[in-house]
Amino acid sequence: MSDSTDSRLKDDRRFVPAAEFSKHARVQSHAEYTSLHERSLSEPEAFWREHTQDLVFRKPWTSFQDWKSPDAKFFLGAELNISESCLDRHLKSDARTRAALVWEGEPGDSRTLTYFELHREVVRLSAALLDLGIQKGDRVGIYMGMVPEAVIAMLACARIGATHSVTFGGFSADSLRDRLNDCEARLLITQDGAYRRGNIVPLKQMADEAVLQARTVEKTIVLRRVGRERAPVEMRPGRDIWWDDLMARTPSPKSVERAMKPEAFDAEHPLFILYTSGSTGKPKGLLHTTAGYLAGVHVTSKYVFDLRPGDLYWCTADIGWITGHSYIVYGPLSCGAACLLYEGAPNFPDWGRFWSIIEKHGVSILYTAPTAIRAFIRAGDEWPQKYDLSSLRLLGSVGEPINPEAWTWYHRVIGGGRCPVVDTWWQTETGSIMLTTLPGACYSKPGSTGLPLFGVDIEVQKDSGEACAPNESGTLVIKRPWPSMARTIYKDPARYAETYWAAKNGSYVTGDGARRDEDGYFWVVGRIDDVLNVAGHRIGTAEIESALVSHPSVAEAAAVGRPDDLKGQALVVFVTVKSGIKADRALKDKLTEHVDKEIGKFARPDQIRFAEALPKTRSGKIMRRFLKDIAAGVVETKGDTSTLEDFNVLANLRKDDDA
Ligand code: PRX
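For reference, each letter of the sequence shown is one residue, going 1122 to 1780 in this note's numbering.
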């Protein structure tokens, strides 16, 4: 851990970008940032017209926005094919022969695809998908690891107008099945297995299990990544096709033509559905559309990461989360950036892996998560110190609040004190980064997510809807719609309206608590709803609870977060068992396995505690704030306990069982 002065200084330190960085940056001063931000709000149409100049629109838009809460449309009248902005446009420039993807496999193999090659692969797969009968508007599931083909699959879907829905490879077969069923996918693209920390995640096997009960899936495309010995797979004739066999087929001339010169779609054509956790047991399928999303991720990639030719940009997120969608695929590729893609774990074969990748490939921009940074701190400075990290010029953080200690370590040890650190706040719903400090323009304060980006009208509000005073804590809300926002929850518009747009004053409710300091800098504290952020993974307490109560031994369950030095939050569950069931260690193991199966290993509880009963109000509502205190080891219960049905329940819960 870094020096103890870090936390003492946490609120008043400012890190000003080096003059050398600012001199070459796209936005070079705070004044320039302010005027751009103000213009994006006062003259949005002119602002976005200027800032989307580089993108390929086959038909320009006729009006900027149509907003009847909660329904938004942006760039009305525009027609485009998003893959042309990410691929075709670069074939006319020097980028043609420059790297688009630099891929490092976990075992150490690597591969580079230039923009020309990436375009070629996407066109080939697009033609093959058309020949399989996949059409505009169809949904395609993707369940893959971090391989170039995952990017190719996403872009090929986009190219033919199919809506992709990527499920993170850490999700279980049951979770995949639920997602495929919800979005009614016709096709699933997967791989035999994925490397993870030297082990194999048997993706195809899990996909088989999922597809068995996914009634709409007609075909499965399977990439061979790890080989027969490591992941034996069963190919079902008529349903399953090897990726290589599919690509080797001669496509029909009509499909080739349609893949080469793809159709232009309406600005609001559905681009992807991505599931995320909310406050009920059922994940929300957030739907993102085309033009507004592209505009948001393009502009933010360009300005926040200050992308320039010659950069090698590395976002370590998984393709299965929004960060992978926006900042591995659509954002950086629309800027013509060279993107590094790493397949495996940060500590395989040892804690030097990230740093060795940076040295080996000459990474200049690194975008990662606080949980990873904290794990690296724990592993020791000797790991990064073994490698040459001088190619780095900019560092980014995303996914959860970054504590000032982690921020300063990142800045000092990884960035050598010379690289600006951009802490970026945003969500699956927002599509693109909403808050940060532009690296050459604004000073950073460790722990603060900075200032609003272009088009973002954001505020901290009290429950009454009034703006909070500086440094007063409240709810983070966005006061007007913005181009890259999710348009709806797939097949559940009522939930979308209710979850995000039900505030009386018409603001978008983020679900996060925050404060804004006297300099206008935002400090995001974390979720204030029933969503946890465990190691940067968004997990709904209700999802965990419904997974647990689906186990035959469980009567009731309550999941809460507990502060954790490494993961930000750890997941603690309180479980009452049915009568006659023995609450012992063996049952804890079974419940852990059960969560693995129902959701995925990443959602495993850090602690399972058996309870005789859960604290409830007289009307039967579980009183979570007490459970949170107990999980965190708080000795005295604060707050009103008068509505508690039975005070003994609390006293009993404090006796930690160690079954
Ligand atoms: O609580 C905020 C936290 O992550 C939530 C969004 O999670 P998800 O949709 O999975 O997207 C994560 C990647 C964008 C937010 O509501 N969060 C995200 N970034 C930050 C953050 N909290 C604090 N600081 C951040 N930089």
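Using N, Cα and C, we set each Cβ at its ideal position, and we do this for glycine too.
Limits of the alpha helix (DSSP H) - the one that residue i falls within
| i | result |
| --- | --- |
| L1553 | Going by the sequence as given, residue 1553 is Ser instead of Leu. Counting along the chain, S1553 falls outside any alpha helix (DSSP H), and DSSP gives it neither H nor E. |
| E1378 | P1374 to M1381 |
| K1325 | L1324 to L1333 |
| V1425 | A1412 to V1425 |
| W1528 | P1525 to W1530 |
| V1716 | R1706 to E1719 |
For residue i, the nearest candidate out of the options (CA to CA)
| i | options | result |
| --- | --- | --- |
| R1648 | V1243, G1552, W1547 and G1627 | W1547 |
| R1514 | V1287, L1433, A1459 and D1215 | L1433 |
| H1532 | P1323, T1551, R1495 and P1358 | R1495 |
| K1423 | H1409, S1455 and D1361 | S1455 |
| S1214 | A1283, G1229, T1235 and K1194 | T1235 |
| V1534 | P1372, A1562, S1512 and P1505 | P1505 |
| A1335 | K1737, L1297, A1772 and D1366 | L1297 |
| F1695 | K1625, E1350, L1246 and I1751 | I1751 |
| G1417 | T1762, M1381, W1169 and I1394 | W1169 |
| E1270 | E1242, S1156 and T1288 | E1242 |
| L1197 | I1720, N1654, T1411 and G1641 | T1411 |
| G1781 | V1581, H1211, H1672 and G1520 | Lying before the first or after the last residue shown, residue 1781 is absent from the chain, which here runs from 1122 to 1780. |
| D1439 | T1557, G1657 and V1598 | G1657 |
| L1250 | L1276, L1239 and V1268 | L1276 |
| T1551 | V1577, R1379 and G1689 | V1577 |
| R1318 | V1652, M1606, M1267 and G1359 | M1267 |
| L1157 | D1685, T1489, E1389 and L1574 | L1574 |
| W1603 | V1420, I1362 and K1403 | V1420 |
| D1387 | R1135, F1136, K1776 and V1177 | V1177 |
| R1601 | T1557, F1136, S1161 and W1182 | S1161 |
| R1659 | P1614, T1549, R1429 and S1553 | T1549 |
| A1140 | M1368, Y1564, T1570 and P1430 | Y1564 |
| F1393 | T1401, H1409 and W1363 | H1409 |
| E1339 | R1345, N1302 and M1327 | N1302 |
Residue i in three-state terms, based on DSSP
| i | result |
| --- | --- |
| Q1548 | coil |
| W1169 | helix |
| S1485 | coil |
| I1729 | strand |
| G1445 | helix |
| D1187 | strand |
| S1573 | Correcting the residue type first, residue 1573 is Pro in the shown sequence and not Ser. In this structure, P1573 counts as strand in the three-state DSSP scheme. |
| Q1149 | coil |
| H1672 | coil |
| E1384 | coil |
| W1182 | coil |
| K1131 | Its pLDDT being 46, under 50, K1131 is placed unreliably by the model, and the measurement read from it follows with that caveat. Of the three classes helix, strand and coil, the one that applies to K1131 here is coil, per DSSP. |
| K1622 | Before going further, note that residue 1622 is Trp rather than Lys in the sequence given. Three-state DSSP puts W1622 in coil, outside helix and strand. |
| S1125 | Per-residue confidence for S1125 stands at a pLDDT of 36, beneath the threshold of 50, marking its modelled position as unreliable; no derived number is given. |
| T1764 | coil |
Distance between residue j and residue i (C-alpha atoms, nearest Å)
| i | j | result |
| --- | --- | --- |
| V1716 | D1727 | 12 Å |
| P1453 | V1670 | 42 Å |
| L1407 | C1304 | 11 Å |
| K1722 | R1706 | 19 Å |
| R1219 | T1341 | 32 Å |
| K1144 | R1539 | 14 Å |
| D1259 | P1736 | 47 Å |
| W1622 | A1588 | 17 Å |
| T1233 | W1435 | 14 Å |
| L1130 | W1644 | With a pLDDT of only 41 at L1130, under 50, the local geometry of the prediction cannot be trusted, and the value read off the model is given with reservation. Taking the straight line from one Cα to the other gives about 15 Å. |
| T1764 | I1702 | 30 Å |
| A1772 | D1761 | 15 Å |
| S1231 | A1459 | 14 Å |
| S1585 | P1228 | 55 Å |
| V1347 | D1313 | 7 Å |
| R1725 | E1526 | 27 Å |
| G1517 | E1164 | 29 Å |
| Y1264 | D1299 | 13 Å |
| S1123 | K1481 | Since pLDDT at S1123 reaches only 36, below the 50 mark, its modelled position is unreliable, and the value read off the structure follows with that caveat. So the alpha carbons of these two residues sit roughly 27 Å apart. |
| P1673 | K1325 | 28 Å |
| G1536 | R1147 | 20 Å |
| T1489 | W1224 | 17 Å |
| I1321 | E1464 | 12 Å |
| L1333 | G1262 | 14 Å |
Extent of the continuous beta strand (DSSP E) run through residue i
| i | result |
| --- | --- |
| A1678 | V1675 to D1685 |
| L1340 | According to the sequence shown, residue 1340 is Lys rather than Leu. Here the beta strand (DSSP E) through K1340 covers K1340 to L1344. |
| G1452 | First-last for G1452: G1452 to S1455, but that is the alpha helix (DSSP H), not the beta strand (DSSP E). |
| H1658 | H1658 to G1661 |
| F1195 | D1192 to L1197 |
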